[in-house]
Amino acid sequence: MPQVNTDIFDYYTTEMVSELFSTVHESVNTGNLFLSPFWLVSWLETLDKLPLLLICVRDKQVIGFGFWGKQTHFLGNTYFLNQTGNHLNDQVWTEHNDVICLKDERDIVVTAMLERLSALPNTSKIVIRNTLSDHWPCSIQATSERSAENSAYVDLTQGDYLQSLSKNTRSAIKRSNKLIENTLGEISVSPIDVASHSTILNEVGAIHMQRWGDSEFGSGFANPKFVAFHDKILKQGTGQENQAELLMVRAGDTCLGYLYVLKQGQYALFYLSAIKFSSNDNKIKPGMSMHLAAIEYYKMKDFERYDFLAGPARYKEQMSNAHYPVYHIEISTPSIRNRLFRWLKGFKSGI
């Protein structure tokens, strides 16, 4: 079989990236919104410094590519797939992460990229976060650590959604809806008009910062790069393919809040929410009532899945009826520093 060459570019244009996507349009990840030019090119356009671009070529044909951010540490350099390794740059979070490659070439492309990165001077670690595959073939002698978490979703192809939930969750949602509707009126969902997206996004940001501003990682809306990215996504994603939308959930004339949803074929991907309505009655759960309204909205539109995406949350577990695994991979190269670090780590742990 002809040799695969992996070229590294530290300077390139988004036009070049768009051309690369067109060369591998029959990709193993075709249909993955997070590995599409819609998402990745928009992300690249928000960055001050571009990550490395690795392109795998065989017989003058591009068979795969990926973006690898580099962070320098005293143990050596760490490379991150489709991330920069900097929280503010990566706060938009690439879900369902992977390389972009032709359908039958993934193992070859992954192996070639990992070999090329490990051969770079001072490489210490290679990180792949939030991937759907735990298969990352690597011919180098390296130590690989894998962790997994469940990502929750609602299978909309099942019959009665509420009946698929636990009795306690079902009762809590019904009680919340009854209390809200008895006071304010019927709960309804409506998409925000495109012309109002910027105004509503500002309102969503203000609500989100009030709720999450003091959390460990803060609200993305305090990050200008995050705001610029989603402003771009909403402007582009409401075109012909309609890949992004903001929903308003009302009870009568009262706005309960907003849901930001991405759309991938017949999958509705919940990205974030901004709950505007509050109550001193702990039996009223506006967030759960809003999600139920959105789930019924997309079910009526014949969507197959309402995906809560990655990240643990109690309401996701309560309101989902199915799960899939998401993996985080760390590959450590067999350097003297890494071996020493692992020895010290084991020594401290008493191993």
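Sequential numbering from 1 applies to the sequence shown in UniProt numbering. For each residue, glycine too, the CB sits at the ideal point set by N, CA and C.
Rounded straight-line distance, which links the Cα of residue j to that of residue i
i           : j    : result
L117        : Q163 : 50 Å
F221        : D307 : 22 Å
M319        : N182 : 23 Å
T131        : G185 : 42 Å
W343        : G213 : Note that W343 scores a pLDDT of 49, beneath 50, so its modelled location is shaky; the value from the coordinates is reported in the next line. Using only the alpha carbons, I get a separation of about 39 Å.
E15         : I55  : 15 Å
N150        : A310 : 8 Å
residue 368 : E330 : Since the displayed the chain opens at 1 and closes at 351, residue 368 lies outside it and no answer follows.
I63         : V109 : 7 Å
P2          : N97  : 28 Å
S219        : S27  : 34 Å
E145        : H135 : 12 Å
R250        : I187 : 5 Å
I180        : S198 : 28 Å
G205        : D281 : 25 Å
A274        : N29  : 30 Å
S196        : K235 : 11 Å
T157        : C101 : 30 Å
Y12         : H328 : 28 Å
S166        : R175 : 14 Å
F34         : T169 : 31 Å
A228        : N242 : 19 Å
K103        : Q264 : 19 Å
V194        : L269 : 19 Å
V4          : F38  : 28 Å
T6          : V57  : 6 Å
M209        : K283 : 24 Å
I207        : G287 : 13 Å
V326        : S36  : 19 Å
S215        : H230 : 21 Å
residue 355 : L20  : The displayed coordinates of the chain run from 1 to 351. Any statement about residue 355 would go beyond what the structure contains.
T31         : I233 : The sequence shown places Gly at residue 31, rather than the Thr named in the question. When rounded, the distance between both Cα atoms is 17 Å.
D302        : Q71  : 44 Å
N77         : N321 : 41 Å
G252        : G159 : 28 Å
F347        : A119 : In this predicted model, F347 has a pLDDT of only 49, less than 50, meaning its place in the structure is not dependable enough to derive any value.
Beta-carbon gap between residue i and residue j smaller than 7 Å
i    : j    : result
Y271 : Y260 : yes
T94  : N86  : no
V189 : Y324 : no
G66  : V99  : yes
I192 : L114 : no
L75  : S22  : no
K225 : T84  : no
Q91  : N223 : yes
I126 : Y79  : yes
Classification of residue i by the beta-carbon crowding that lies within 10 angstroms, buried from 16 upward
i    : result
K60  : exposed
M300 : exposed
L292 : buried
A148 : exposed
N122 : exposed
R211 : exposed
L88  : exposed
F9   : exposed
F217 : exposed
S171 : exposed
E105 : buried
K316 : buried
P137 : exposed
H73  : exposed
A244 : buried
Presumed contact (8 Å Cβ cut-off) between residue i and residue j, rounded CB distance
i           : j    : result
L256        : K276 : 6 Å
V24         : V41  : V24 to V41, Cβ: 14 Å. No contact.
D107        : R305 : Wrong, their Cβ atoms sit about 28 Å apart, outside the cutoff.
residue 365 : T143 : Here the chain has residues from 1 to 351 only, and residue 365 is not among them.
Y153        : I295 : Actually they are not in contact, since the Cβ atoms of Y153 and I295 sit about 10 Å apart, beyond 8 Å.
S289        : N177 : 5 Å
T111        : S139 : 6 Å
I173        : Y258 : About 19 Å separates the two Cβ atoms, so there is no contact after all.
L44         : L52  : Not really, about 12 Å apart at Cβ, beyond 8 Å.
- Query: Which residue spans inside the UniProt domain "BioF2-like acetyltransferase" (168 to 317) form an unbroken alpha helix (DSSP H) run of at least 4?
  - Reply: 197 to 212, 224 to 237 and 286 to 300
My parser needs the alpha helix (DSSP H) runs of 4 or more residues fully inside the region 43 to 124; what are they? Counting only runs of 4 or more, we get 87 to 90 and 106 to 118.
In chain order, which continuous runs of the beta strand (DSSP E) of length 3 or greater are located wholly inside the region 122 to 162?
123 to 131 and 143 to 155
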